[in-house]
Structure formats: structure tokens, C-alpha cells
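Engineer: So that we are looking at the same thing, I have put the structure below in C-alpha cells.
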């Protein structure tokens with residue numbers, strides 16, 4: 001039984017339902033890739049499928065558009081495949097159970113995969129149509145976007161002729177994304193020496209911070225618990241003899257740290273003074289961040305004097321100075337897009353191992369030169385204290401293009417479809433596959449858009465039926481206007 005058979009546009013929902021019947025979580029994409037290959041074969045469409053299962057399908061222009069510039073329609077095949085604790089579904093082998101709730105399509109006890117199955121459905125519906133007016137189409141379907149944009153990073157695009165890219169991987173109708181950040185994980189690694197000392201131990205725990213995503217919410221100026229910890233330790237270090245035993249905080253480099261812990265060693269006669277300084281500095285920070293982080297709190301625990309292994313004096317100094325002084329937060333706003341962060345970094349993970357302190361930053365910028373300079377800055381500051389920098393997961397940014405023919409066309413098309421209403425044109429401070437394609441295709445002109453979705457990557461994920469229809473009409477109108 002087909003759940004979506006009475007929905008319009010009929011072909012779009014038909015292909016979307018077909019896709020949901022094929023397991024296609026990240027890393028399990030061979031079947032959906034083969035489905036698209038079989039689709040192309042059955043329609044005598046040229047296609048190319050690589051070893052990772054990325055696939056490109058070509059379609060010639062419709063009548064009257066033979067001399068138009070080719071258009072790339074792009075989306076990713078993989079989904080975040082999650083289920084509720086009481087679900088018995090094997091998402092590696094079984095399709096989804098679709099449901100309709102008012103204007104929303106959902107899946108019973110699992111994620112839906114609207115991100116980015118709807119892009120695949122749109123592209124297949126266009127490739128299958130003999131009625132839609134369009135330039136030459138190059139439909140690009142990538143794999144494993146949800147686990148690091150691996151398909152887009154690896155795909156060979158040397159045989160693509162298009163310079164206009166429609167990425168259908170956004171979840172808010174009426175918004176055209178025209179820029180995104182590139183990024184990297186930069187980890188400052190600081191080796192330390194140890195001493196055995198007899199001292200009292202003060203344990204501190206900072207929690208209750210608001211936290212958030214370092215791409216979407218870094219501009220909201222929320223407190224980073226790792227940085228607050230560094231500020232507290234700096235003040236203690238400047239006033240009494242202190243040694244660090246360990247500092248730890250945060251869970252992911254791209255999440256604003258909301259919990260941090262430290263253990264320090266101090267002489268018995270300095271405990272009260274240390275507690276006084278810690279509480280005073282924390283109260284100052286709490287007052288400064290009372291709007292963004294009203295629930296932050298600190299817990300102190302003092303342990304009896306004991307022989308303990310702690311960092312040496314010079315190692316404590318180096319750790320405190322770096323933790324308190326390495327940059328964090330917004331570095332520069334975009335001068336061309338209002339309220340858009342251009343460059344930032346976030347100290348997301350702080351860890352003390354047996355031999356070193358590791359400070360992991362998510363570094364982002366839509367301008368690669370600024371991202372690279374920020375990484376260079378972290379490296380040089382760390383090296384002053386005998387440390388080193390490890391850089392991983394580098395991906396390119398997608399700069400705002402002032403002279404975008406595609407953006408101008410899409411805005412005009414939007415006005416026509418939506419009765420004169422203006423779309424929102426913005427950049428995002430997070431990564432999109434557009435950045436990788438922009439790094440591979442010279443002079444690429446791209447936009448990203450899509451229908452309304454809610455709670456993506458969760459078992460509450462839902463896709464709006466009416467928004468899917470309107471966005472389809474917009475996509476068709478954009479292709480028609482690119483003559």
C-alpha cells in the first residue's frame with residue numbers, strides 16, 4: 001500500500017516514497033545508488049557511478065533550451081538513520097513506515113530522511129518529465145554527507161559542464177542560502193612535566209551553561225565553560241602558588257562547551273584564599289552572562305592534604321596562559337551579509353591525558369584565507385610554549401558572490417511563485433556541500449534551498465506536504481527562467 005499516492009506533485013511524492021522503502025543511512029548507500037542507476041538505464045539517460053556510489057545523471061535540454069547553460073541539481077542520498085528505543089526495525093535492511101499527520105509526512109518510530117531524500121525525489125521527477133522546460137541537466141547525487149560530506153569531497157566533477165548549481169539541502173522554505181563556512185578541527189597539543197607535591201586538592205565543576213552549536217549560535221555570545229575555566233585559573237595562578245592536576249571540558253569541537261572541570265593543588269594555608277578568588281571570578285562571569293547563561297553554576301570540593309602528582313610550575317603556567325588567552329568566539333562578521341558571521345572558532349573539547357593537554361577548536365570561515373590565518377595563529381601561540389598543532393577535517397568555504405545570475409533568477413522566480421513576496425537571502429556559518437563543489441568547479445554560481453522540515457536527524461523528523469509542493473513549483477520556475 002502506498003501512503004503518499006494521493007499527494008501532489010504526484011511524481012515527487014512517488015519517488016520520495018520509493019526512496020523511503022530503500023535503507024539508505026550513511027554508509028549504507030549502495031542500494032539507493034543502484035536504484036538511481038537503474039532509473040537512468042531504463043530511461044536511456046547517461047550516468048556515471050563511482051566506487052563510493054556517488055552518481056551523476058545527465059539529461060539533454062528540453063526543446064528551446066538547447067543553447068542554455070547547463071544546470072547542476074544536487075543533493076545527497078544518505079540520511080541520518082535513527083529509531084526509538086522501542087522500535088524493532090532493522091534500518092540497515094528495512095524501509096520506513098510512512099505516516100501522514102495533517103500537513104506533515106513522518107515515519108513511525110524512525111527518522112524520515114527528508115534530509116535529503118526530497119532533493120533526490122525532486123531531481124528524479126525532473127529527469128523523468130517530458131513536460132518541464134529546462135536547460136541541460138546534470139543531476140549529482142552524493143553519499144555520506146551526514147558523516148563529513150565524504151561523497152562531495154571525493155567525487156570527480158571533471159566531466160560536468162555546469163557552472164550553475166541548485167543545492168536542495170535546506171530545511172526552511174523561503175530562504176536562499178548563498179554562502180557557507182569552511183572549517184577544520186584544530187587541536188592545540190601541550191606536553192607537560194609532572195612533580196609530586198604534598199598539597200590540598202580543590203576540585204571545581206562548572207555546569208548549567210547554555211551551550212549550543214558553534215556554527216548556528218556562536219554569534220549569540222554565550223559563555224564557553226572551557227574559557228570561563230581558563231579565566232578562573234588565571235586569576236588563581238596570579239594570586240597564589242597553584243598547580244594544575246587536570247582540566248577537562250566539552251564533548252564536541254563544534255558544540256559550545258557547557259560543562260568543565262578542573263582539579264588544582266594548593267598549600268593548606270592558601271585554600272580559603274583560592275576559594276575566595278574562584279567564587280569572586282565566577283560571580284563576575286555569571287553577572288556578565290546573566291542573559292545568555294542564567295543557569296550557570298559552580299561546585300567546589302576540597303580534599304585533605306595528600307601526596308599528589310601535578311603539573312610542574314612551568315607546565316601549569318603554560319596551560320593557564322594558553323587556556324585563558326587563545327582566541328574563542330566570533331572573529332569577524334561578514335561585511336556583505338547583514339548579521340552573518342564570517343570567521344569564528346570554538347574551544348569545544350578540553351582534555352588532560354597522562355602526558356599532554358589537548359584543546360580542540362572548531363575553526364570556521366566562509367573565507368579560506370581567514371580560516372587559515374586563524375589556524376596559523378593557534379599554531380604559533382601553542383608553539384611558544386613547546387606545544388604543537390594538529391589539524392584535521394579541513395573543508396572549504398563558499399564565499400558570497402556579489403554578481404550571482406543564479407541568485408537573481410531564483411529571487412525573480414520566487415516573486416512569481418509566491419505572489420510578489422520576497423525571499424530571505426542569507427549565508428550560514430556551517431558547512432554545506434556547496435563549499436566542496438565551489439572548490440572543484442571554477443566560477444561556480446550556487447544557491448541552496450528546500451522545503452520546510454522539522455526535527456531533522458531525529459525520530460520526530462517531518463516534511464511539510466504543502467511546502468514541498470510550493471518548493472517544487474519554485475524549482476520548476478527557476479529552470480524555466482534559466483533559458
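Numbering (the UniProt record's numbering), first residue to last: 1 to 483. The beta carbon of each residue, even a glycine, is placed where N, CA and C say it ideally should be. This one's a predicted model, so the numbers in the text were calculated from it and none came from an experiment.
1) Helix, strand or coil for residue 481? Go by DSSP, reduced to three states.
2) Looking at C-alpha atoms only, which residue of 12, 470, 482, 441 is the closest neighbour of residue 175?
3) Excluding five sequence neighbours on each side, which residues of the same chain lie with their C-beta closer than 6 Å to the C-beta of residue 370?
4) Is the beta carbon of residue 3 less than 9 Å from the beta carbon of residue 14?
5) Do residue 137 and residue 476 have their CB atoms nearer than 9 Å?
6) Can you tell me which of 318, 315, 238, 134 puts its alpha carbon nearest to the alpha carbon of residue 63?
7) Buried or exposed: which applies to residue 284, given that a residue is buried once 16 or more other Cβ atoms fall within 10 Å of its Cβ?
8) Need the endpoints of the alpha helix (DSSP H) that residue 434 sits in, please.
9) Take the Cβ of residue 299 as the centre, count every other Cβ of all protein chains shown within 10 Å, and call the residue buried at 16 or more, exposed below.
10) Does the separation of the CB atoms of residue 168 and residue 216 fall below 9 Å?
11) Which value, in whole angstroms, describes the spacing of the CA atoms of residue 453 and residue 461?
12) Return the chain-ordered list of same chain residues with a C-beta closer than 6 Å to the C-beta of residue 80, the five sequence neighbours on each side being excluded.
13) Give the single residue among 240, 226, 247, 246 whose Cα lies nearest to the Cα of residue 258.
14) Which runs of the alpha helix (DSSP H), 4 residues or longer, sit entirely within the region 326 to 386?
15) Quick one: residues in its chain with C-beta nearer than 6 Å to the C-beta of residue 143, no 5 flanking neighbours on either side, listed in chain order?
16) Are residue 180 and residue 393 closer than 9 Å when you measure CB to CB?
17) Rounded to the nearest angstrom, what separates residue 269 and residue 355 at their Cα positions?
18) Give me, in chain order, the residues of the same chain whose beta-carbon lies closer than 6 Å to that of residue 48; leave out the 5 immediate sequence neighbours on both sides.
19) Relative to the alpha-carbon of residue 178, which residue among 411, 421, 467, 378 has its alpha-carbon at the smallest distance?
20) Looking at residue 347 and residue 387, is the spacing between their C-beta atoms short of 9 Å?
21) Find the nearest neighbour of residue 232 within the set 249, 246, 250, 279, judged by alpha-carbon distance.
22) Give the single residue among 466, 444, 464 whose Cα lies nearest to the Cα of residue 73.
23) Under the rule that 16 or more other beta-carbon atoms within 10 Å means buried, what is residue 200, buried or exposed?
24) Name the one or two DSSP bridge partners that residue 47 has.
25) With residue 155 and residue 95 assumed to form a contact (beta carbons below 8 Å), what rounded beta-carbon distance in angstroms separates them?
26) Measure the C-alpha to C-alpha separation of residue 173 and residue 423 and round it to an integer number of angstroms.
27) Measuring only the C-alpha atoms, how far is residue 66 from residue 139?
28) Take the Cβ of residue 70 as the centre, count every other Cβ of all protein chains shown within 10 Å, and call the residue buried at 16 or more, exposed below.
29) State the start and end residues of the unbroken beta strand (DSSP E) segment that holds residue 394.
30) Quick one: grab the DSSP three-state call for residue 33.
31) What is the DSSP secondary structure of residue 305, counted as helix, strand or coil?
32) How would you write the range of the alpha helix (DSSP H) that residue 273 sits in, first residue to last?
33) So residue 378 packs on residue 389, CB below 8 Å; how close in whole Å?
34) Does the count of Cβ pairs from the region 85 to 103 and the region 180 to 197 closer than 8 Å reach three?
35) Among 401, 289, 339, 183, which one has its Cα closest to the Cα of residue 395?
36) How should residue 325 be labelled, buried or exposed, when 16 other C-beta atoms within 10 angstroms of its C-beta is the threshold for buried?
Structural biologist: Straight from the coordinates:
1) Numbered from its first residue, the chain shown carries residue 481 at position 481. Reduced to three states, the DSSP call for residue 481 is helix.
2) Translated into the one-based positions of the chain shown, residue 175 becomes position 175. Looking at 12, 470, 482, 441, the one whose alpha-carbon comes closest to that of residue 175 is 470.
3) Residue numbering aside, residue 370 sits at position 370 when the chain shown is read from its first letter. Contacts found: 343.
4) The residue you call residue 3 lines up with position 3 of the chain shown. The residue you call residue 14 lines up with position 14 of the chain shown. In terms of Cβ geometry, residue 3 and residue 14 do not form a close pair [threshold 9 Å].
5) Locating residue 137 in the chain shown gives position 137, where the first residue counts as 1. Locating residue 476 in the chain shown gives position 476, where the first residue counts as 1. Against a cut-off of 9 Å, the Cβ pair of residue 476 and residue 137 comes out as no contact.
6) Counting from 1 along the chain shown, the entry for residue 63 is found at position 63. Of the candidates 318, 315, 238, 134, the one whose C-alpha sits nearest the C-alpha of residue 63 is 134.
7) Taking the first residue of the chain shown as 1, we reach residue 284 at position 284. The residue in question, residue 284, is exposed, as its Cβ has fewer than 16 Cβ neighbours within 10 Å.
8) As a working mapping, residue 434 is identified with position 434 in the chain shown. 433 to 440 is the span of the alpha helix (DSSP H), which, as asked, contains residue 434.
9) Walking along the chain shown from the start, residue 299 turns up at place 299. An exposed status is given to residue 299, since fewer than 16 other beta-carbon atoms sit within 10 Å of its beta-carbon.
10) Start at 1 with the first residue of the chain shown, and residue 168 comes out as number 168. Start at 1 with the first residue of the chain shown, and residue 216 comes out as number 216. In this structure, residue 216 does not lie closer than 9 Å to residue 168 by Cβ.
11) Translated into positions along the chain shown, residue 453 becomes position 453. Translated into positions along the chain shown, residue 461 becomes position 461. Just so you know, the alpha carbons of residue 453 and residue 461 end up roughly 7 Å apart.
12) Here residue 80 corresponds to residue number 80 of the chain shown, with the count starting at 1. Counting only Cβ-Cβ distances below 6 Å, and skipping sequence neighbours, we find 111, 146, 457.
13) In the chain shown, residue 258 corresponds to position 258, counting from 1. Its Cα nearest to that of residue 258, the residue 226 stands out among 240, 226, 247, 246.
14) Qualifying alpha helix (DSSP H) stretches, in chain order: 368 to 384.
15) Numbered from its first residue, the chain shown carries residue 143 at position 143. For residue 143, where only same-chain residues beyond five positions count, the Cβ hits under 6 Å are 29, 52, 53, 54, 77, 78, 151.
16) In the chain shown, residue 180 corresponds to position 180, counting from 1. In the chain shown, residue 393 corresponds to position 393, counting from 1. For residue 180 and residue 393, no; Cβs fall outside 9 Å.
17) Locating residue 269 in the chain shown gives position 269, counting from the first residue. Locating residue 355 in the chain shown gives position 355, counting from the first residue. Roughly 29 Å between the two C-alpha positions.
18) Against the chain shown, residue 48 aligns to sequence position 48. The answer, listed in chain order, is 56.
19) Taking the first residue of the chain shown as position 1, residue 178 is located at position 178. Checked all of 411, 421, 467, 378; the closest Cα to residue 178 is 411.
20) For the purposes of this step, residue 387 is taken as the residue at position 387 of the chain shown. For the purposes of this step, residue 347 is taken as the residue at position 347 of the chain shown. Contact check for residue 387 against residue 347 fails: the beta carbons are separated by 9 Å or more.
21) Taking the first residue of the chain shown as position 1, residue 232 is located at position 232. Of the candidates 249, 246, 250, 279, the one whose C-alpha sits nearest the C-alpha of residue 232 is 279.
22) Position 73 of the chain shown holds residue 73. Selected option, being the one with the closest Cα: 444.
23) Within the chain shown, the letter at position 200 stands for residue 200. By the neighbour-count rule (16 or more Cβ atoms within 10 Å), residue 200 is buried.
24) Numbered from 1 along the chain shown, position 47 holds the residue referred to as residue 47. Note: residue 47 sits in a beta bridge opposite 57.
25) In the chain shown, residue 155 corresponds to position 155, counting from 1. In the chain shown, residue 95 corresponds to position 95, counting from 1. Contact doesn't hold; Cβ gap of about 26 Å is too wide.
26) Translated into positions along the chain shown, residue 173 becomes position 173. Translated into positions along the chain shown, residue 423 becomes position 423. C-alpha separation (whole angstroms): 9 Å.
27) The sequence position of residue 66 within the chain shown is 66, counting from 1. The sequence position of residue 139 within the chain shown is 139, counting from 1. Approximately 17 Å between the Cα atoms of the pair.
28) On the chain shown, position 70 is the one that residue 70 refers to. It counts as buried.
29) Numbered from 1 along the chain shown, position 394 holds the residue referred to as residue 394. Where residue 394 is concerned, the enclosing beta strand (DSSP E) stretches over 388 to 395.
30) For the purposes of this step, residue 33 is identified with residue 33 of the chain shown, where counting begins at 1. Here residue 33 sits in helix by DSSP.
31) Your numbering for residue 305 matches position 305 in the chain shown. Residue 305: strand per DSSP, three-state reduction.
32) For the purposes of this step, residue 273 is taken as residue 273 along the chain shown, with counting starting at 1. Counting along the chain, the unbroken alpha helix (DSSP H) around residue 273 starts and ends at 271 to 288.
33) In the chain shown, residue 378 corresponds to position 378, counting from 1. In the chain shown, residue 389 corresponds to position 389, counting from 1. Confirmed, about 6 Å.
34) Result no; under three Cβ-Cβ pairs closer than 8 Å.
35) Residue 395 sits at position 395 when you count from the first residue of the chain shown. Checking every option, the nearest Cα to that of residue 395 belongs to 183.
36) Reading the chain shown from its first residue, position 325 is the one you call residue 325. Result: exposed.
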